[in-house]
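Here is the structure we will look at.
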Amino acid sequence: YTSALTYDGVLVMAETFRSLRRQKIDISRRGNAGDCLANPAAPWGQGIDMERTLKQVQIQGLTGNVQFDHYGRRVNYTMDVFELKSTGPRKVGYWNDMDKLVLIQDMPTLGNDTAAIENRTVVVTTIMESPYVMYKKNHEMFEGNDKYEGYCVDLASEIAKHIGIKYKIAIVPDGKYGARDADTKIWNGMVGELVYGKAEIAIAPLTITLVREEVIDFSKPFMSLGISIMIKKPQKSKPGVFSFLDPLAYEIWMCIVFAYIGVSVVLFLVSRFSPYEWHTEEPEDGKEGPSDQPPNEFGIFNSLWFSLGAFMQQGCDISPRSLSGRIVGGVWWFFTLIIISSYTANLAAFLTVERMVSPIESAEDLAKQTEIAYGTLDSGSTKEFFRRSKIAVYEKMWTYMRSAEPSVFTRTTAEGVARVRKSKGKFAFLLESTMNEYIEQRKPCDTMKVGGNLDSKGYGVATPKGSSLRWVE
């Protein structure tokens with residue numbers, strides 16, 4: 001195609017010179033050729049005539065109609081659309097400015113290709129990743145596809161039955177999903193297996209991304225997910241000296257203290273002003289007549305003691321005798337009944353529910369601290385997500401991960417999970433939510449997912465570009 005464009009370019013220049021010659025415009029450079037290094041540049045006198053004539057050229061070249069608008073851009077051309085087949089390229093449509101994309105047939109004809117696939121064994125590339133692809137416990141006793149089990153193994157079996165093909169599961173040698181090397185531009189992992197013809201279909205937890213869709217085709221997503229955060233499950237917090245206060249908020253405890261003091265003072269004042277709280281005491285032996293000062297049982301200390309006994313549900317050896325004092329005491333008893341009932345109910349919940357304090361709750365928490373390291377799987381879509389993200393929080397996280405020493409990128413998911421478990425809470429692993437939730441429910445149950453998903457995406461079945469398997473229904 002480049003050669004055809006070069007040929008048409010030469011034709012355009014030749015036609016331009018012929019047109020200028022017919023117009024008897026002299027474009028020779030006789031005499032002073034001008035200074036190429038002049039500043040400002042001195043324009044060529046005949047340049048305007050040549051530009052005008054170039055825009056008027058219209059020829060039929062190897063690439064079709066060659067014509068330009070007044071801006072010098074090519075117009076009124078048609079591009080043929082080809083599909084790359086095993087037998088070679090085949091025209092399936094065309095594109096132009098007016099009609100846009102026009103397909104000359106609705107779908108590729110799969111007759112010969114499907115028959116060829118049915119007569120051979122299709123190589124299915126995948127990756128060892130629980131619970132998608134795993135070895136059976138006694139896999140040494142089996143051969144071929146029977147050695148494996150898991151979600152993707154069952155999915156491959158169902159697809160093969162549906163389209164009627166024979167297949168062979170091949171574990172990707174480098175254990176990677178697929179990313180393009182920034183220096184060599186070479187794809188690795190399962191994507192590389194498809195791109196370079198080593199496999200014909202990938203059935204695995206392979207994330208659908210724009211970069212991968214440039215080199216391979218994906219089916220519709222068979223599972224939806226997102227990036228999540230895995231941390232080591234915090235240990236149960238040890239009870240403190242004042243942990244008995246936890247069932248109620250500290251504000252409530254302060255209100256109870258003030259209410260206790262207030263009720264005691266009111267009871268003391270009511271008892272002082274009410275005549276029914278005063279009584280005459282019998283004179284002691286050797287004394288005549290009543291005492292000078294009639295006693296009152298509800299002094300300030302006895303009032304505090306009465307309120308405390310009522311609050312503790314223990315009662316007291318003194319009770320108010322006046323109507324006003326009994327009203328104050330009754331209100332306090334009802335108040336303590338409600339408080340004690342609420343406290344008992346909350347205390348039972350606190351004793352039966354394990355309380356854990358998580359140091360990280362979101363990606364923002366990770367980004368604003370440096371004590372807990374965090375990383376992703378190397379050569380995967382999660383790493384690519386952070387590398388390409390333009391969101392400030394994720395850009396900050398990518399800057400940290402890229403420069404962290406030692407490296408926070410792991411070769412496999414199992415390596416990342418093991419690092420979380422051994423780090424004593426000092427490492428967080430960013431991975432797909434489906435795997436995170438699966439590992440959280442498996443023994444030894446010492447990891448947990450925190451926060452919501454960072455994005456939304458899906459897993460898809462991948463095939464090479466132009467593969468007939470892409471169109472099988």
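Using the UniProt record's numbering, the first residue of the sequence shown is number 1, and each one after it goes up by one.
Cβ atoms here follow ideal geometry from the backbone N, Cα and C, with glycine treated the same way.
Terminal residues of the alpha helix (DSSP H) in which residue i lies
i	result
residue 161	151-163
residue 132	Segment: none, residue 132 is in no alpha helix (DSSP H) and carries neither H nor E.
residue 55	47-56
residue 302	300-311
residue 459	Not the alpha helix (DSSP H): residue 459 falls in the beta strand (DSSP E), residues 457-459.
residue 396	392-403
residue 71	Unbroken run through residue 71: none, as it is neither H nor E.
residue 385	381-388
residue 126	Unbroken run through residue 126 is the beta strand (DSSP E), 121-126; no alpha helix (DSSP H).
residue 449	Run containing residue 449: none in the alpha helix (DSSP H); it sits in the beta strand (DSSP E), 447-450.
residue 217	That residue, residue 217, is in no alpha helix (DSSP H); its beta strand (DSSP E) goes 216-218.
residue 9	2-22
residue 259	250-273
residue 412	Unbroken run through residue 412: none, as it is neither H nor E.
residue 367	363-367
residue 210	210-213
For residue j and residue i, the rounded distance between their alpha carbons
i	j	result
residue 452	residue 180	29 Å
residue 416	residue 375	8 Å
residue 245	residue 256	12 Å
residue 243	residue 430	35 Å
residue 102	residue 77	14 Å
residue 27	residue 2	29 Å
residue 20	residue 398	59 Å
residue 140	residue 177	26 Å
residue 327	residue 335	12 Å
residue 146	residue 183	39 Å
residue 95	residue 82	11 Å
residue 149	residue 434	18 Å
residue 463	residue 98	33 Å
residue 17	residue 25	10 Å
residue 171	residue 235	38 Å
residue 467	residue 57	41 Å
residue 296	residue 259	23 Å
residue 93	residue 213	21 Å
residue 129	residue 380	13 Å
Proximity below 8 Å, CB of residue i to CB of residue j
i	j	result
residue 359	residue 372	yes
residue 384	residue 211	yes
residue 14	residue 62	no
residue 203	residue 461	yes
residue 218	residue 208	yes
residue 241	residue 325	no
residue 454	residue 413	no
residue 449	residue 440	yes
residue 411	residue 175	yes
residue 456	residue 226	yes
residue 322	residue 277	yes
residue 298	residue 267	yes
residue 347	residue 247	yes
residue 151	residue 131	yes
residue 404	residue 366	no
residue 320	residue 309	no
Contact belief for residue i with residue j at Cβ below 8 Å, rounded distance in angstroms
i	j	result
residue 133	residue 125	Going by Cβ atoms, the distance from residue 133 to residue 125 rounds to 11 Å, so no, they are not a contact pair.
residue 224	residue 64	Between residue 64 and residue 224 the Cβ distance is about 44 Å, and since that is not below 8 Å, they are no contact.
residue 84	residue 465	7 Å
residue 59	residue 12	7 Å
residue 66	residue 73	No, residue 66 and residue 73 are not in contact; Cβ-Cβ is about 12 Å, not under 8 Å.
residue 265	residue 332	Contact doesn't hold; Cβ gap of about 12 Å is too wide.
residue 55	residue 70	6 Å
residue 205	residue 432	7 Å
Start and end residues, beta strand (DSSP E) containing residue i
i	result
residue 227	227-232
residue 436	Taken as a continuous stretch (DSSP letters only), residue 436 belongs to no beta strand (DSSP E), being part of the alpha helix (DSSP H) at 433-440.
residue 64	64-67
residue 167	166-171
residue 103	100-103
residue 196	No beta strand (DSSP E) holds residue 196; DSSP gives it neither H nor E.
residue 375	373-376
residue 462	462-464
Residue-level contact to chain C via CB, residue i, 8 Å cutoff
i	result
residue 319	Here there is only one protein chain, and chain C is not present.
- Query: Does the pairing of the region 154-164 with the region 223-232 give three or more beta-carbon distances under 8 Å?
  - Reply: Judged by pairs of C-beta atoms under 8 Å, the region 154-164 does not touch the region 223-232, as fewer than three such pairs exist.
- Is the region 440-452 touching the region 386-402, taking contact as three or more C-beta pairs under 8 Å? Cβ pair count under 8 Å is below three, so no.
Do three or more CB pairs link the region 158-169 to the region 187-195 at distances below 8 Å?
Too few Cβ pairs lie closer than 8 Å, so no.
The region 323-341 in contact with the region 302-315 per 3-pair CB rule at 8 Å: A contact exists between the region 323-341 and the region 302-315.
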